[in-house]
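Inspection log for the structure reproduced underneath, given as structure tokens.
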Amino acid sequence: MNLLALSSFIPEQICDITYFNGYRGERNIKHYCGYANDYISQVMEDDSIDGAVFPKSCDSSRIIGNYLESYKKFKYQLIIPSSNDEIAVNFFTEQLKSYRKALEERFGVLEDIATRAELINHLNTEIARYYESISKYSYADYLRAIHHKAFLSGDPGKNLLHEKPEIRKRTYLVGSTFIEEYVAEIIETYGLGIVGDNLPESGRKQGRLIDLETEDFYKSIAIEVLNRKSSPSQSRFKELIDRDLREMDNLQVDAVIFVTQKYCEPYDFLYSVYKKKLDEAGIPSLNLKLTGMDDRKNIELEVEAFAAII
Amino acid sequence: MAQSVVKLQSSLMREYYKYFSKYSRGKTPENKVAWVTSFTPVEILEALDILYYYPESYAAVIAASEMEQGFLEESEKHNLTKDCCSYACCIEGCLELEDGPRGIPPRPDILIATNNQCNTLPNWWSILAERYNVPLVVIDYPGETVSEKYAEKYVYEQHMNLIRKLEDLSENTLNEKKLSEMIENSKNSVEAWKKVIKYMSSKDVSPTMMFDAISYLITTRCNPLTAELYELMAQELSEEKDAEADKIPLFWTGYPLWYHEERYLLENLRDFKIVGSNYLTWWNLDYEGSDVMESLFNAYNYTFLNLSQTNRNKRLKKTIDETGAVCTVVLKNTSCKCDFVSAKNIDIPQAELEIDMIDRNVLDITEAEEKIELLRDIICSR
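Chains as they are written, first to last, in the working numbering: chain A, 1 to 310; chain B, 1001 to 1382.
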């Protein structure tokens, strides 16, 4: 069973999933997030994918099911509540149970949730451990280790993560999706050292562990997902920005880079407010918008110019 | 149209706009104010005597007043990209400049957004929350994604939560009898509106009038004058002359062009007759239910844009079939990807036009003319 999950809102504890982090597909729906475009393409074109699991958290993800409706592969959409109150947690808990049931009906017996929860706790603990001292390592290597699930199989530090000299242009990364490693490589090439982030696969997962003694794993998972550092699609802008600014202050950040997809409305709306707060704090920022095509040249030019002013 | 239709329209508009800055003369409302998205359960607000306003609707008024370009540019200066919904960009520009054809709406005490239309509106409401530093309530409507049992429970709990918050804000207590009365008023408005649009295919009526007239169903459906207005309109429409038989019946799939004087491409569609539009059916909410909460759940959870693709296909096909349309213009609205996907499975000849409902600069008129010409040729060659 190989399920392709769009976004970290899809919990790994329910079953093993592969998080989508890039594909060059055939589909090109105009004025539509390139990330979602490529996700749809991969589900349609890649025979190794057995199914798609995606959230209803933004306009692009909301209508993925509409484009995949005629495909016989397994499809499941999870509604991500905007709130994290008890009403939302209970609703999300029921959804996770239904999701698990749908998986079992389609694919048969699955790995025990308690076992997976323990595994993912270990993964998140390792990610958090490296995140704490991320300024010592190549950020691109760190991302690569996350994307290739290297943290699940021992300590990647020795083989995958290379130490780097102390950085001077301390940079915070804000992102909407699992970003491709080449973007981080370009940023580091121009002397910007990433010291923290709120990416879905990294900063947003900090400190989020499931209580393994719980009697209701589904509820514990629901609480974990909804209480992470919030995404703008959960409409908690103030909470998100305030938390990031506190972290940036602790990390003594010199600059911020937004890495988002063109036509990603939650981040486009967030940026208009976030930028204002950064300007008030005197922190320069760059808004890198990826178009889903080969953006390398443009990214290099923009990052180079930005690094020069820091 | 008789004077009384005009009088009713004037009365409704006067009441709605009286606290906008152009007319208020500095007077602020005594009641609390909410800014709401188009499919908010406003019956609850009415029952608690809370005033409510629709920024989306005002964006349409701004475009109709030819003021949208300045506001779109202003919002871009404040880092809100034009890639975002143009309703949002237009209003943000209006608020920055504190200007508009009717001024600006009264300051909100609370913001209420729903996602039964799209997920963009809650994002926009989040930046309004930053601007005004007031509470934001987002109501999730699961649609058909989960079982009805869980959806109803979730929506019920959120509605009760909303009621508690609004009771605290207004210092009023919800009167269930009044809520029931408001729901009945909305139902009557919907039924009366259905009578009005029924005449679009059979009578020689202007689509412009229909696109403008739906604004009352959106903004004042709880007011009994709205049903009265529509009943009167339906009666007068029944007496209009029949539609010309030699025009090609066409379905307008998508938003009206708010910036256009006629709200649609009249000059390019002279040998077509617009016999219907899905936009005109979006607020035909189904308030069926054995109690007020069930009514509100059915009405607001199953809005058209919250349906599965399968059910959207069915509903759209039924709507088109009822009008007798033989072809359609499908508007690919750069501000609303949720709507465009509705038209995926239409099986009558179509011309797909890329437009924006607010920004008049998006439409390439030459390309539109060519596509409409091609559509005309296809139909005429049959």
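We put the CB at the ideal spot given by N, CA and C, even for glycine.
By alpha-carbon positions, which one of the options ends up nearest to residue i?
{"i": "Asn2 of chain A", "options": "A:Phe306, A:Asn66, A:Glu239 and A:Val43", "result": "A:Val43"}
{"i": "Arg1382 of chain B", "options": "B:Val1134, B:Asn1031, B:Tyr1058 and B:Ile1248", "result": "B:Ile1248"}
{"i": "Asp1359 of chain B", "options": "B:Asp1291, B:Ser1335 and B:Val1137", "result": "B:Ser1335"}
{"i": "Glu166 of chain A", "options": "A:His147, A:Ile179, A:Ile134 and A:Glu181", "result": "A:Ile134"}
{"i": "Tyr19 of chain A", "options": "A:Ile29, A:Leu212 and A:Ile146", "result": "A:Ile146"}
{"i": "Ser1277 of chain B", "options": "B:Pro1256, B:Tyr1087 and B:Ser1170", "result": "B:Pro1256"}
{"i": "Glu1157 of chain B", "options": "B:Tyr1141, B:Asp1168, B:Glu1191 and B:Ile1127", "result": "B:Tyr1141"}
{"i": "Leu1250 of chain B", "options": "B:Gly1289, B:Glu1240, B:Gln1235 and B:Leu1266", "result": "B:Leu1266"}
{"i": "Thr1040 of chain B", "options": "B:Val1033, B:Leu1048, B:Tyr1052 and B:Tyr1279", "result": "B:Tyr1052"}
{"i": "Asn1079 of chain B", "options": "A:Glu300, A:Leu270, A:Ile309 and A:Arg296", "result": "A:Leu270"}
{"i": "Ile241 of chain A", "options": "A:Ser272, A:Thr260, A:Ala222 and A:Gln252", "result": "A:Ser272"}
{"i": "Phe1020 of chain B", "options": "B:Val1190, B:Ile1320 and B:Pro1055", "result": "B:Pro1055"}
How about residue i: is its C-beta nearer than 8 Å to some C-beta of chain B?
{"i": "Asn66 of chain A", "result": "yes"}
{"i": "Pro266 of chain A", "result": "yes"}
{"i": "Arg27 of chain A", "result": "no"}
{"i": "Asp59 of chain A", "result": "yes"}
{"i": "Phe91 of chain A", "result": "yes"}
{"i": "Arg62 of chain A", "result": "yes"}
{"i": "Lys73 of chain A", "result": "no"}
{"i": "His122 of chain A", "result": "no"}
{"i": "Glu69 of chain A", "result": "yes"}
{"i": "Phe237 of chain A", "result": "yes"}
{"i": "Phe9 of chain A", "result": "no"}
{"i": "Pro200 of chain A", "result": "no"}
{"i": "His147 of chain A", "result": "no"}
{"i": "Ser272 of chain A", "result": "yes"}
{"i": "Lys56 of chain A", "result": "yes"}
{"i": "Glu280 of chain A", "result": "no"}
{"i": "Ile79 of chain A", "result": "yes"}
{"i": "Phe269 of chain A", "result": "yes"}
{"i": "Lys262 of chain A", "result": "yes"}
Which whole-angstrom value is the C-beta distance of residue i and residue j, which I expect to be below 8 Å?
{"i": "Val1042 of chain B", "j": "Cys1327 of chain B", "result": "Wrong, their Cβ atoms sit about 36 Å apart, outside the cutoff."}
{"i": "Tyr218 of chain A", "j": "Leu96 of chain A", "result": "5 Å"}
{"i": "Val1146 of chain B", "j": "Ile79 of chain A", "result": "7 Å"}
{"i": "Leu152 of chain A", "j": "Ser138 of chain A", "result": "Their Cβ separation, rounded to whole angstroms, is 20 Å, which puts Leu152 of chain A and Ser138 of chain A out of contact at 8 Å."}
{"i": "Thr1114 of chain B", "j": "Ile1139 of chain B", "result": "5 Å"}
{"i": "Gly191 of chain A", "j": "Lys169 of chain A", "result": "6 Å"}
{"i": "Asp1109 of chain B", "j": "Val1134 of chain B", "result": "6 Å"}
{"i": "Tyr1230 of chain B", "j": "Ala1192 of chain B", "result": "3 Å"}
{"i": "Leu290 of chain A", "j": "Lys262 of chain A", "result": "7 Å"}
{"i": "Ile283 of chain A", "j": "Val259 of chain A", "result": "So it is not a contact: roughly 16 Å between Cβ atoms."}
{"i": "Ser8 of chain A", "j": "Ser57 of chain A", "result": "Wrong, their Cβ atoms sit about 11 Å apart, outside the cutoff."}
{"i": "Gly1143 of chain B", "j": "Asn1306 of chain B", "result": "4 Å"}
So if DSSP puts residue i in a beta bridge, which residue, or which two residues, is it bridged to?
{"i": "Ala36 of chain A", "result": "Ala36 of chain A pairs with nothing; no bridge assigned."}
{"i": "Arg170 of chain A", "result": "A:Gly193"}
{"i": "Ala1113 of chain B", "result": "B:Val1138"}
{"i": "Tyr19 of chain A", "result": "A:Ala5"}
{"i": "Leu286 of chain A", "result": "A:Ile257"}
{"i": "Gly51 of chain A", "result": "A:Leu3 and A:Phe74"}
{"i": "Ile79 of chain A", "result": "A:Lys56"}
{"i": "Gly1103 of chain B", "result": "B:Pro1101"}
{"i": "Tyr137 of chain A", "result": "A:Glu163"}
{"i": "Lys1203 of chain B", "result": "B:Asp1242"}
{"i": "Glu1350 of chain B", "result": "The residue asked about is misnamed: residue 1350 of chain B is Gln in this sequence, not Glu. BP columns for Gln1350 of chain B point to B:Thr1328."}
Please check if any C-beta of chain A sits within less than 8 Å of the C-beta of residue i.
{"i": "Glu1352 of chain B", "result": "no"}
{"i": "Gln1009 of chain B", "result": "no"}
{"i": "Cys1389 of chain B", "result": "The structure shown does not extend to residue 1389 of chain B, since chain B is modelled only from 1001 through 1382, so no value can be given for it."}
{"i": "Ile1127 of chain B", "result": "yes"}
{"i": "Thr1220 of chain B", "result": "no"}
{"i": "Asp1083 of chain B", "result": "yes"}
{"i": "Gln1069 of chain B", "result": "no"}
{"i": "Asp1271 of chain B", "result": "no"}
{"i": "Glu1370 of chain B", "result": "no"}
{"i": "Trp1193 of chain B", "result": "no"}
{"i": "Asp1140 of chain B", "result": "yes"}
{"i": "Glu1073 of chain B", "result": "no"}
{"i": "Asn1123 of chain B", "result": "yes"}
{"i": "Asn1119 of chain B", "result": "yes"}
At a cut-off of 7 Å, would you count residue i as near the ligand HEM, judging by its Cβ distance to the nearest heavy atom?
{"i": "Glu118 of chain A", "result": "In terms of ligand content, the structure shown is empty, and the ligand HEM therefore cannot be addressed."}
Q) Which ranges would you report for the beta strand (DSSP E) in the segment 1301 to 1337 of chain B if only whole runs of at least 3 residues count? A) 1327 to 1333
Q. In chain order, which continuous runs of the alpha helix (DSSP H) of length 4 or greater are located wholly inside the segment 1218 to 1288 of chain B?
A. 1224 to 1238
(Q) I'd like the ranges of any alpha helix (DSSP H) spanning at least 4 consecutive residues and lying wholly in the segment 198 to 250 of chain A. (A) 217 to 226
Q) In the segment 1002 to 1087 of chain B, which residue ranges form an unbroken beta strand (DSSP E) of at least 3 residues, counting only runs that do not cross its ends? A) 1033 to 1036 and 1051 to 1053
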